[in-house]
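A.B. asks: Numbering (our numbering), first residue to last: 220 to 486. Each residue gets a CB set at the ideal place from its N, CA and C atoms; glycine is no exception. The model shown is predicted, which means the values in this text are computed figures rather than measured ones.
(1) For the beta strand (DSSP E) holding residue 227, just list the boundary residues, first then last.
(2) Could you pull the start and end residues of the alpha helix (DSSP H) that residue 413 belongs to?
(3) Using the C-alpha atoms, what's the distance from residue 349 back to residue 282?
(4) Using DSSP with H/G/I as helix, E/B as strand and the rest coil, what is residue 396?
(5) If you pair each beta-carbon of the region 403-413 with each one of the region 331-342, do three or more pairs fall below 8 Å?
(6) Compute the beta-carbon to beta-carbon distance between residue 253 and residue 325, rounded to the nearest angstrom, for a pair I have assumed lies under 8 Å.
(7) Go ahead and label residue 393 buried or exposed: buried means 16 or more other beta carbons lie within 10 angstroms of its beta carbon, across all protein chains shown.
(8) Leaving out five residues before and five after residue 452 in sequence, what residues of the same chain have Cβ atoms less than 7 Å from its Cβ?
(9) Determine the direct distance from the alpha carbon of residue 428 to that of residue 382, and round the result to whole angstroms.
(10) DSSP beta-bridge partners for residue 384?
(11) Going by the CB atoms, is the gap between residue 230 and residue 279 shorter than 8 Å?
(12) Below 8 Å on the Cβ atoms is my contact criterion, and I expect residue 306 with residue 227 to pass it. Report the Cβ-Cβ distance as a whole number of Å.
(13) Kindly list the residues whose CB is nearer than 6 Å to the CB of residue 221, restricted to its own chain and excluding five residues on each side of it in sequence; keep chain order.
(14) Identify which residue in 421, 249 and 434 has its Cα closest to the Cα of residue 406.
(15) Going by beta carbon distance, what residues of the same chain come within less than 6 Å of residue 285, once the five residues before and after it are set aside?
(16) Helix or strand or just coil, what does DSSP make of residue 231?
(17) Please classify residue 479 as buried or exposed, where buried requires at least 16 other C-beta atoms within 10 Å of its C-beta.
(18) Rounded C-beta distance between residue 344 and residue 399? I'm assuming under 8 Å.
(19) Please classify residue 322 as buried or exposed, where buried requires at least 16 neighbouring CB atoms within 10 angstroms.
(20) Pop quiz: residue 241 and residue 262 are said to be a contact at Cβ under 8 Å. What is the actual Cβ separation, rounded to whole angstroms?
(21) With the cut-off set at 8 Å, would you say residue 299 and residue 246 are in Cβ contact?
(22) Which word fits residue 385, buried or exposed, when buried means at least 16 other C-beta atoms lie within 10 angstroms of its C-beta?
(23) Can you tell me the Cα-Cα spacing of residue 396 and residue 333, whole angstroms?
(24) Look up residue 424 in the DSSP assignment and give the residues it is bridged to.
(25) Under three-state DSSP, which class holds residue 298?
(26) Which of helix, strand or coil does DSSP assign to residue 343?
(27) Cβ atoms of residue 473 and residue 416: under 8 Å apart, would you say?
(28) If you draw a straight line from the C-alpha of residue 441 to the C-alpha of residue 294, how long is it?
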């Protein structure tokens, strides 16, 4: 074990309190750090160029996977803390955890980080639940989209539950936060077609809309769908035909149907 590993026994240790404070958005924004739980997710952050500030682990709680990954992660972290079980409870967030958390430097992406123009963007308006945001990130990564754009977002992408739900995909997909009107203008200026996923009188089946060129697929919240502004200003409005009696899908499922239809058209 490296000499720089600090042993912590008290749950009231200031360093543990600082880690736990990153559950709050204002603390994440103030420090530029996020809280990541799970050796696999931390390793994914490191593999994609995100700096590990503090690595904190509990030896008696480590899973087999964590034990295998821990030595490499310890070499990358600026600070390493080892705790007992009681102290680790201060920073742990989930049951069935694998005994390791980290604070990681966040990143802010812009359009300059993307291809010009991007070929496929997934956008989501008014996302409120971290779990939904994480699931959208998994869908976006699976489809190889250029970026996920959060519109008028209620939750930030660095929420620990969003990171966990994304299974670390947040470290692989550029995420840009914008308001709807600015995003629509930037798409228009770059020749990117906006396709709103919504059931309206003018909606076409999703497979009938041409998505072979640069396109941004815009999803709404599960509770309210897209705002009227998008229904008026999108270049096209798409519906997903369904045979059952339900009138909506989980937002990440619907997003998957839409983005993979765009990929099918390009194959």
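C.D. replies: In short:
(1) Where residue 227 is concerned, the enclosing beta strand (DSSP E) stretches over 224-227.
(2) That residue, residue 413, is in no alpha helix (DSSP H); its beta strand (DSSP E) goes 412-416.
(3) 25 Å
(4) strand
(5) yes
(6) 5 Å
(7) buried
(8) Same-chain partners within the cutoff: 403.
(9) 32 Å
(10) Residue 384 is not bridged to any residue.
(11) no
(12) 5 Å
(13) Residue confidence for residue 221 is low, a pLDDT of 47 falling below 50, so the modelled location carries little weight; the figure read from the coordinates is stated next. Excluding sequence neighbours, residue 221 sits near nothing in its chain.
(14) Residue 406 has its Cα closest to that of 434, out of 421, 249 and 434.
(15) 258, 317, 318 and 319
(16) coil
(17) exposed
(18) Right, the Cβ-Cβ distance comes to about 6 Å (below 8 Å), so this counts as a contact.
(19) buried
(20) Contact doesn't hold; Cβ gap of about 19 Å is too wide.
(21) no
(22) By the C-beta density criterion, residue 385 is buried, having at least 16 other C-beta atoms within 10 angstroms.
(23) 14 Å
(24) 458
(25) Annotated three-state conformation of residue 298 is strand, per DSSP.
(26) Residue state, collapsed to three classes: strand.
(27) yes
(28) 42 Å
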